[in-house]
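Participant: Numbering (the working numbering), first residue to last: 949 to 1395. Even for Gly, the Cβ is constructed at its ideal location relative to N, Cα and C.
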Amino acid sequence: MSHSHPPAPLAARRSGPLMGRVRVPGDKSISHRAMIFGLLSTGRTTVEGLLEGDDVLATATACRALGATIERTGEGRWTVDGVGVGALLPPSEPLDFGNAGTGSRLMMGVVAGHGITAVFDGDASLRKRPMRRVLDPLVEMGADVMDAAEGGRLPLTLRGTADPIPVSYETPVPSAQVKSAVLLAALNSPGRTTVIEREATRDHTEKMLRHFGADVTVTQEGEHGRRIVLEGRPDLKGTHVSVPADPSSAAFPLVAALIVPGSDVVIESMMDNPLRTGLLTTLLEMGADIEVLDRRSEGGEDVVDLRVRAGRLKGVDVPPERAPAMIDEYPVLAVAAAFAEGATRMRGLSELRVKESDRLAAVADGLALCGVTARIEGDDLIVDGGAVQGGGPVATHLDHRIAMSFLVMGLASETPVTVDDGTMIATSFPAFSGLMEGLGAKIGPAA
949 MSHSHPPAPL AARRSGPLMG RVRVPGDKSI SHRAMIFGLL STGRTTVEGL
999 LEGDDVLATA TACRALGATI ERTGEGRWTV DGVGVGALLP PSEPLDFGNA
1049 GTGSRLMMGV VAGHGITAVF DGDASLRKRP MRRVLDPLVE MGADVMDAAE
1099 GGRLPLTLRG TADPIPVSYE TPVPSAQVKS AVLLAALNSP GRTTVIEREA
1149 TRDHTEKMLR HFGADVTVTQ EGEHGRRIVL EGRPDLKGTH VSVPADPSSA
1199 AFPLVAALIV PGSDVVIESM MDNPLRTGLL TTLLEMGADI EVLDRRSEGG
1249 EDVVDLRVRA GRLKGVDVPP ERAPAMIDEY PVLAVAAAFA EGATRMRGLS
1299 ELRVKESDRL AAVADGLALC GVTARIEGDD LIVDGGAVQG GGPVATHLDH
1349 RIAMSFLVMG LASETPVTVD DGTMIATSFP AFSGLMEGLG AKIGPAA
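#1: Would you tell me roughly how many angstroms separate the C-alpha atoms of LEU1106 and LEU1043, rounded to the nearest one?
#2: Below 6 Å CB to CB, which residues in the same chain sit around GLU1239 once its five sequence neighbours on both sides are set aside?
#3: For GLY1226, name the three-state secondary structure that DSSP assigns.
#4: Looking at C-beta atoms only, is the number of pairs between the region 994-1004 and the region 1136-1152 that lie closer than 8 Å three or more?
#5: If I follow the unbroken alpha helix (DSSP H) through ILE1350, where does it start and stop?
#6: If we ignore side chains and look at the alpha-carbon of each, how far apart do VAL1130 and GLY1057 end up?
#7: Please report how far the alpha carbon of SER950 lies from the alpha carbon of THR1375, in whole angstroms.
#8: Is any heavy atom in the ligand ATP found nearer than 6 Å to the beta carbon of ARG1053?
#9: Would you give the residue range spanned by the alpha helix (DSSP H) that ILE1373 belongs to?
#10: For LEU998, I'd like the list of residues in its chain whose CB is within less than 6 Å of its CB, leaving aside the five on either flank, ordered along the chain.
#11: Of the choices VAL1336, HIS1348, SER1381, whose alpha-carbon is the least far from that of SER1361?
#12: Ordered along the chain, which non-local residues of its own chain (more than five positions away) have a Cβ less than 6 Å from that of ALA1010?
#13: Check whether the Cβ atoms of LYS1127 and GLU1147 sit closer than 7 Å, and answer yes or no.
#14: In this structure, how does DSSP classify ALA960 when only helix, strand and coil are distinguished?
#15: Alpha carbon to alpha carbon, how far is ALA1312 from ALA1322?
#16: Three-state secondary structure (DSSP) at SER1298?
#17: Decide if the region 1065-1078 is in contact with the region 1090-1105; the criterion is three or more beta carbon pairs, one per stretch, under 8 Å apart.
#18: Given VAL1115, which residues of its chain have a CB within under 8 Å of its CB, disregarding the five upstream and five downstream residues?
#19: Spatial neighbours of GLY1161 within its chain, please: CB distance less than 7 Å, with the 5 preceding and 5 following residues excluded, ordered by chain position.
#20: Give the DSSP bridge partners of ARG1257, in chain order.
#21: Does the structure place the region 1284-1299 close enough to the region 1253-1270 that three or more beta carbon pairs sit under 8 Å?
#22: Can you tell me whether DSSP reads HIS1188 as helix, strand or coil?
#23: Grouping DSSP H, G and I as helix and E and B as strand, with all else coil, what is GLY968?
#24: Helix or strand or just coil, what does DSSP make of PRO1364?
#25: Using three-state DSSP, classify LYS1155 as helix, strand or coil.
#26: Here's the rule: buried if 16 or more other CB atoms are within 10 angstroms of the residue's CB, otherwise exposed. What is ALA1098?
#27: Three Cβ pairs or more, each shorter than 8 Å: is that satisfied between the region 1166-1180 and the region 1195-1209?
#28: Going by beta-carbon coordinates alone, are SER963 and ALA1389 separated by less than 7 Å?
#29: When burial is assigned at 16 or more other CB atoms within 10 Å of the CB, is GLU1289 buried or exposed?
#30: Looking at the strands, I want to know which residues DSSP matches up with GLN1168.
#31: Which parts of the region 1042-1095 are runs of the beta strand (DSSP E), unbroken and 3 residues or longer, counting only runs that do not cross its ends?
#32: Return the first residue and the last residue of the beta strand (DSSP E) that GLY1339 is part of.
#33: In three-state terms, what does DSSP make of ILE1324?
#34: If we count the other Cβ atoms within 10 Å of its Cβ and call it buried at 16 or more, is THR1165 buried or exposed?
#35: Please work out which residues of its chain come closer than 6 Å, Cβ to Cβ, to PRO1393, disregarding the five sequence neighbours upstream and downstream, and give them in chain order.
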């Protein structure tokens, strides 16, 4: 499975003020989970606002291979007729997740908790990503990794168990994917499973478990952590899921509006889950002109409309405990920091080394290429703000967030910024270029 494609370099150049109202695509984390919980439920699940990017569609294809009937009924509207916990079908072919790290890791939990065997594979980027920390607790629960590439990487063959062992598991690092994989495996367990995390991570799995009818309790653990307890073998029932706008995708027009002089943009219906809004907190500390117009609830999640206007930003010190609430937003935060007055230090970014690329190194390299002074000290990234020259091509390493972040930088840099490939942007934000151009951004094929 080569997943090869000819690279399509993109360029962004200095733009006039960005103006208008936008709603970014549905949240990727919730979209993945909507498909998976639809598969594990009996009856019909309806989904509205689904992110129709390559990553989520790969998860939908995997759910079909395990027995679900899935149909698209309109833009962002889907139905999933599931088979229920304990009734998955063995897939006849490998489960190909493309670039979807979340989809692949969560589905490992699903397969591990059922008496079936599945081969997991993906594109060149996903094959480089470590899977061992997800697999270790699943093996402890009774699953068996029959074959894997070096270091527990894809492609790998996972044999699940029809009777997963209920465990009490403390996650070694803050990771919603590890936590979620364990909880998904535990759904078919004849007992009570506990997951302990010392730093709270995004809680969409816990909320969706409850939404579909599972018995799950969440309590405080220490100063920053949580203890999640799940009763095994619930009778999950199909239901309706309304997917709010993705704060990780909203980050790009948000930062663009802050750094392009004269901009005034409204971002509609962005998820306001406190475990996902670390970027918003940080930008406000930097002095960003962001106004909350309307806070409300949609589909079980708080959402807000934000009015964002360009203005002066100042450098700040971002504490390490904020990382789980903004782990995907550090690349675009680094772009904002490049235009701020003074230095911004982002602490505790070890998790960035194991994303779609080594994002920590990729961001530092890209900043340097564009004339920004940046350095890595241990797991910290320090960015000195000031004039941003521009340049490129920035190496994206098949990473959609690296590509979009540096295209945002080009909208306010002195000279254009080019990225070596923009095709992978479709994994999470297929309409990125069109949406940004609708606000007045100048993004297009590199010359």
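Facilitator: Reading off the structure:
#1: 11 Å
#2: ARG1255
#3: helix
#4: no
#5: 1348-1358
#6: 6 Å
#7: A caution first: SER950 carries a pLDDT of 38, below 50, which makes its placement in the model too unreliable to give a value.
#8: Absence of the ligand ATP is noted for the structure shown, with no ligands found whatsoever.
#9: Where ILE1373 is concerned, there is no enclosing alpha helix (DSSP H), given that its DSSP letter is neither H nor E.
#10: GLY974, SER979, GLY1024, TRP1026, VAL1191
#11: VAL1336
#12: LEU1043, MET1055
#13: no
#14: strand
#15: 6 Å
#16: helix
#17: yes
#18: PRO1085, GLU1088, MET1089, VAL1130, ALA1134, THR1141, THR1142
#19: PRO1182, ASP1183, LEU1184, LYS1185
#20: ASP1212, ASP1237
#21: yes
#22: strand
#23: strand
#24: coil
#25: helix
#26: First, the amino acid is wrong: residue 1098 is Glu here, not Ala. Exposed: under 16 other Cβ atoms inside 10 Å.
#27: no
#28: yes
#29: exposed
#30: ARG1174
#31: 1065-1069
#32: 1339-1342
#33: strand
#34: exposed
#35: none
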